Structure formats: structure tokens, C-alpha cells
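Student:
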Amino acid sequence: MIFRIVCSLFAVLCFVFSAQAAKLNVRGAILMDLDTVRVIYKQNEDRRIPPASLTKIMTMYLVFDAIKAGKLSLNTKVKVSARAARTGGSSMHLRRGDVVTVKQLLYGMAVASGNDACVAVAEHMAGSERKFVVLMNKKAKKLKMRNTVFKTCSGLPAEGQYTTASDMLALSRNYIMIHPECLVYHNTKKYSYRKYRLKNNNPLLGNYKGADGLKTGWTIASGYNIVSTARRGGTRLVAVILGANSNQIRARELRRLMDAGFAFASRKISRVSSVL
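Offset between the sequence shown (1-based) and this note's numbering: plus 571.
(1) Under the assumption that A683 contacts S652 (Cβ atoms under 8 Å), give the Cβ distance between them as a whole number of angstroms.
(2) Is V809 helix, strand or coil when you go by DSSP?
(3) Between the Cα of K761 and those of G777, L595, M603 and V670, spot the shortest distance and give me the residue it belongs to.
(4) For D687, count neighbouring Cβ atoms within 10 angstroms of its own Cβ and tell me buried if that reaches 16, exposed if not.
(5) Where do the ends of the alpha helix (DSSP H) carrying R744 lie?
(6) Would you decide whether L665 is buried or exposed? Buried here means 16 or more other CB atoms lie within 10 Å of its CB.
(7) What would DSSP say about Q614, mapped onto helix, strand or coil?
(8) Between the C-alpha atoms of D617 and T672, what's the straight-line distance to the nearest angstrom?
(9) Who are K786's beta bridge partners in DSSP?
(10) Below 8 Å on the Cβ atoms is my contact criterion, and I expect N745 with L785 to pass it. Report the Cβ-Cβ distance as a whole number of Å.
(11) Pull up the distance between the alpha-carbon of R701 and that of T723, whole angstroms please.
(12) CB-CB under 6 Å to V736, same chain, minus the five flanking residues each way: which ones, in chain order?
(13) Within 10 angstroms of the Cβ of I747, are there 16 or more other Cβ atoms? Answer buried if so, exposed if not.
(14) Could you round the C-beta distance between A815 and Y795 to whole angstroms and report it? I think they count as a contact, below 8 Å.
(15) Using a Cβ cut-off of 8 Å (strictly closer), state whether V811 contacts chain C.
(16) Pair every Cβ in the stretch 767-775 with every Cβ in the stretch 819-826, then say whether three or more of these pairs are closer than 8 Å.
(17) Taking the alpha carbon of H750 as the reference point, which residue from L633, G832 and S763 has its own alpha carbon closest?
(18) For the putative contact between A655 and G788, defined by C-beta atoms under 8 Å, what is the C-beta separation to the nearest angstrom?
(19) Could you tell me the boundaries of the alpha helix (DSSP H) in which M680 lies?
(20) Would you kindly report the start and end of the unbroken alpha helix (DSSP H) that includes D830?
(21) Please confirm whether L643 and K674 have their CB atoms less than 8 Å apart.
(22) Apply the 10 Å Cβ neighbour rule to V896 and answer buried if 16 or more other Cβ atoms are within range, or exposed otherwise.
(23) Among the residues of its own chain, which have a CB less than 6 Å from the CB of S763, if the five just before and after it don't count?
(24) Which of helix, strand or coil does DSSP assign to L754?
(25) Strictly by DSSP, which residues pair up with Y733?
(26) From this set, G832, I840, K839 and R717, which residue's C-alpha is nearest R609's C-alpha?
(27) What does DSSP give as the partner residues of Y762 in its beta bridges?
(28) Would you tell me roughly how many angstroms separate the C-alpha atoms of L706 and I840, rounded to the nearest one?
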């Protein structure tokens, strides 16, 4: 009898410990089944963290909005300014005076995470990056991204720039639903501009069944961020991970989250956190 009681207590303690340990090794995360519009996992989802290059999702969203409204086309030509060409950080290697199409800039943003491409399209659309950022924040407010402030169009570090996993989910969910054609760009693993071979850093592309987007990001302050989406059968998941300590941890925790999400969607598990 005493042995059974001890065993039962041990089982309870193991359950409690596993429940407490069922967290991702990241600063913030959230997972949604897009088809049911149901959040099936969240962890520090409202913690404010610099968005890094996840910012480019908003920039590309506004470009696709403009195309849909007839203000731009994929073939619209954009002349690259000196300011855009000298933008630091990740780049598609634009040069001052280059004339490129909006389509090329979309690939530059999605595949190479080109900060130069962001500034080029922002200046073309709004006259300056500063004015374009105003449009970004207006869009964020419209999408009810209550804990997000953009300061740059690329995600380059800026004081007072932050977002949350919840807000990035709101942005990405609407982006995919309104502009599903965006996945053509985000699903592209390699793209060439001049002699440069640009590579997509999304760890799931080509390595995870159903993965077809969306965007990675990194700065010292933010850590390793990612928004990822994958479809299997009738289920599309959208996952956000913010603040992983390394590229390897980001990839591992993202895969864990996606695996658990698809298991939950297929009714193989009762809750996502039970297998993390």
C-alpha cells in the first residue's frame, strides 16, 4: 500500500515537472492553426522584443497592398538611390543608379533579407523611409498590433522599435490570407542578382514537409527570430518564435513546435504543450 502511494506521488511529481518543462527555449512564441483561426500554443506571447528582419513582412505587405490597389505593378521600375545602396546589414547588393523592378525587390527582401531593397521600395512608394515607416505604423494599428512600433522599414536596430509574438502572428496571418501570392517569394530558396547568389535562411525550406515561408530575423538585441508557415493536407500552421539564442536553437525549437502543432491538428495529442 505504501509502495503504491509512493509510486502515485512520484507519477504526479513527474507530470508536474514535465508540464513545467514543456516550454520552448526562446523568449516568446505563438502557434496558430490558420484554418480554424485557433491559437494552439503560446509562451510569453506579449513580451516586447525587437523585430529585426521580421519587419520586412510589413514592408512587403504594404508593397502587395499597393499592387492590389493598382498603384504599383511587379514590373514597376525603381531607381536605387545612394542612400538605399549604402544601407548596412543584409543586402541584395544594389548599387546607386540601378534600375530594378518591384518584383526583383520583393525577391531581394524575401530571399536575401535585403535592407537595401527595403529602403529602395520605401523611397519609391512614400518619398522617404521616414514617411514609409508612418504607413507601416498605421497599418500595424489597423491590424490591432497594439505592442508594435516600427522605426525602420528593414528592421535595422533603432531605439524604441519592438514587437511581440502575438503581434507578429496578427501581421503574418493577415498577410498570408490577403496576399497568398506572397508565398511564392518567401518559398524561394535561392535568387540571383547580377553575380550574387542570394540564399534564404529559413531553416525549414526544403527540410520540412509542407514548409513554404515566411521570414527570419536577427539582431544582437532581438536574438534569432522567425515566422514560419507550413501546410499539410487541410491544415496550415503559422508559428512565431522570438529571441532564440542561436540559429540552431531557433531551428530546433521551431521544428518541435510545428511537429506538435500538426500532431494536435490530427488529434494525435490533446495539447501542444504536452509533447514539447
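Just so you know, even glycine gets a beta-carbon here, dropped at the ideal spot from N, CA and C. Keep in mind the model is a prediction, meaning the values are calculated, not measured.
Tutor: Judging by the given coordinates:
(1) With a Cβ gap of about 19 Å, A683 and S652 do not count as contacting.
(2) strand
(3) G777
(4) buried
(5) A736 to I749
(6) buried
(7) strand
(8) 37 Å
(9) V798
(10) Not confirmed; about 12 Å, so no contact.
(11) 8 Å
(12) Before going on, a small fix: residue 736 reads as Ala here, not Val. Taken in chain order, the residues that qualify are G599, A600, I601, E616, V811 and L813.
(13) buried
(14) 4 Å
(15) Protein chain content of the structure displayed is limited to a single chain, and chain C is not contained in it.
(16) yes
(17) L633
(18) A655 to G788, Cβ: 20 Å. No contact.
(19) V673 to V682
(20) N818 to A836
(21) no
(22) With the chain covering 572 to 847 only, the question about residue 896 has no answer from this structure.
(23) none
(24) helix
(25) V720
(26) G832
(27) L769
(28) 42 Å
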